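Numbering (our numbering), first residue to last: 8 to 288. Notes for the one structure printed next.
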């Protein structure tokens with residue numbers, strides 16, 4: 008809310024994104040002066056999740072890069088970090104299933120906030136001759152988001168080697184003369200890999216939503232959003248009955264996603280985002 012007010016007061020001397028970046032850094036410095044913060048995130052360094060975390064918590068926070076999404080939840084559950092940042096959905100590839108599963112498993116944790124970030128992919132490699140490239144490293148989601156570029160440059164038939172993250176892909180490409188990677192510019196810079204093509208994603212509006220997790224419950228404020236994981240009766244009309252309760256109270260749903268209940272055969276739970284605070288009456 009504060010950031011939006013500052014943007015509205017802008018006289019046009021600064022780009023709106025610059026205003027947000029400047030004040031997020033100021034807020035982060037202020038929080039760290041009160042008490043240094045430890046932020047767990049899906050690593051390694053240079054991932055899009057790392058970038059999202061840095062955009063919210065600034066350069067002065069302490070960051071812990073973890074190998075997978077569940078490790079972020081464990082770190083918070085064990086009180087080893089104050090906040091955690093994980094991806095929840097991409098507007099091209101859809102929801103991140105393991106994040107939804109962990110929200111149900113580690114239900115003592117709360118969603119403290121969210122970060123929306125534009126995702127731009129680069130094609131990088133130490134060999135500029137595309138005809139000599141024999142393999143392409145990337146995370147499967149990153150690779151799938153750039154298929155039109157690969158086809159237009161006759162690269163779609165080249166061996167795809169899945170990596171744990173796009174940042175890891177950049178590292179692998181830095182060690183292999185006959186390889187390229189699909190990753191972010193920041194990851195390419197981190198591992199000193201030349202950028203051959205920039206902004207190669209199929210969808211120019213490619214965007215990912217990240218969750219900020221903590222054990223803190225947010226106070227009530229305008230434009231709040233609440234998330235729940237609901238289990239309905241396994242009978243006709245079970246989901247319909249649940250949704251009817253939101254309609255009766257005039258509550259707007261912003262997301263509805265089904266997820267298999269792994270402990271029981273062919274049963275599903277439902278992840279729901281809706282407008283309002285959990286303490287609203």
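For glycine and all other residues, C-beta sits at the position ideal for the given N, C-alpha and C. Given the structure is predicted, the values throughout are model-derived calculations rather than measurements.
Would you call the CB atoms of residue i and residue j closer than 8 Å?
i: residue 227; j: residue 286; result: yes
i: residue 48; j: residue 83; result: no
i: residue 127; j: residue 176; result: no
i: residue 135; j: residue 203; result: yes
i: residue 278; j: residue 264; result: yes
i: residue 174; j: residue 132; result: no
i: residue 180; j: residue 141; result: no
i: residue 239; j: residue 94; result: no
i: residue 119; j: residue 144; result: no
i: residue 217; j: residue 122; result: yes
i: residue 270; j: residue 190; result: no
i: residue 57; j: residue 50; result: yes
i: residue 137; j: residue 116; result: no
i: residue 241; j: residue 274; result: yes
In the DSSP assignment, find the beta strand (DSSP E) that holds residue i and state where it starts and stops.
i: residue 215; result: 214-221
i: residue 280; result: 275-282
i: residue 262; result: 260-267
i: residue 73; result: 69-73
i: residue 49; result: 45-49
i: residue 176; result: Looking at the DSSP string, residue 176 is not in any beta strand (DSSP E); the run it does join, the alpha helix (DSSP H), is 173-181.
Using the C-alpha atoms, what's the distance from residue j back to residue i?
i: residue 237; j: residue 110; result: 11 Å
i: residue 98; j: residue 213; result: 6 Å
i: residue 46; j: residue 282; result: 27 Å
i: residue 171; j: residue 288; result: 44 Å
i: residue 152; j: residue 54; result: 16 Å
i: residue 70; j: residue 63; result: 12 Å
i: residue 4; j: residue 253; result: Shown here, the chain extends from 8 to 288; a query on residue 4 therefore has no answer.
i: residue 198; j: residue 207; result: 19 Å
i: residue 157; j: residue 149; result: 12 Å
i: residue 112; j: residue 85; result: 14 Å
i: residue 169; j: residue 76; result: 17 Å
i: residue 92; j: residue 280; result: 18 Å
i: residue 59; j: residue 52; result: 12 Å
i: residue 267; j: residue 243; result: 17 Å
i: residue 193; j: residue 200; result: 10 Å
i: residue 224; j: residue 284; result: 10 Å
i: residue 101; j: residue 154; result: 16 Å
i: residue 196; j: residue 178; result: 10 Å
i: residue 139; j: residue 125; result: 31 Å
i: residue 165; j: residue 205; result: 19 Å
i: residue 106; j: residue 235; result: 13 Å
i: residue 262; j: residue 103; result: 13 Å
i: residue 68; j: residue 78; result: 19 Å
i: residue 182; j: residue 114; result: 41 Å
i: residue 245; j: residue 159; result: 47 Å
i: residue 260; j: residue 211; result: 26 Å
i: residue 276; j: residue 96; result: 17 Å
i: residue 258; j: residue 251; result: 10 Å
Using 8 Å as the limit for Cβ to Cβ distance, is residue i near chain C?
i: residue 50; result: This model lacks chain C altogether, as it is built from one protein chain only.
Quick one: what's residue i bridged to in DSSP?
i: residue 122; result: 217
i: residue 198; result: Bridge partners of residue 198: none, in fact.
i: residue 65; result: None, per the DSSP bridge assignment.
i: residue 189; result: 130
i: residue 211; result: Note: residue 211 sits in no beta bridge, so no partner.
i: residue 53; result: Residue 53 is not bridged to any residue.
i: residue 60; result: DSSP lists no partner for residue 60.
Just curious, the alpha helix (DSSP H) that residue i is in, first and last residue?
i: residue 238; result: First-last for residue 238: 232-238, but that is the beta strand (DSSP E), not the alpha helix (DSSP H).
i: residue 92; result: No alpha helix (DSSP H) contains residue 92, which is instead part of the beta strand (DSSP E) from 90-97.
i: residue 76; result: 76-84
i: residue 251; result: 245-255
i: residue 166; result: That residue, residue 166, is in no alpha helix (DSSP H); its beta strand (DSSP E) goes 166-169.
i: residue 155; result: 154-159
Runs of beta strand (DSSP E) lying entirely within the region 108-152, each at least 3 residues, in chain order: List check, beta strand (DSSP E) in window: 117-125, 129-131, 142-145.
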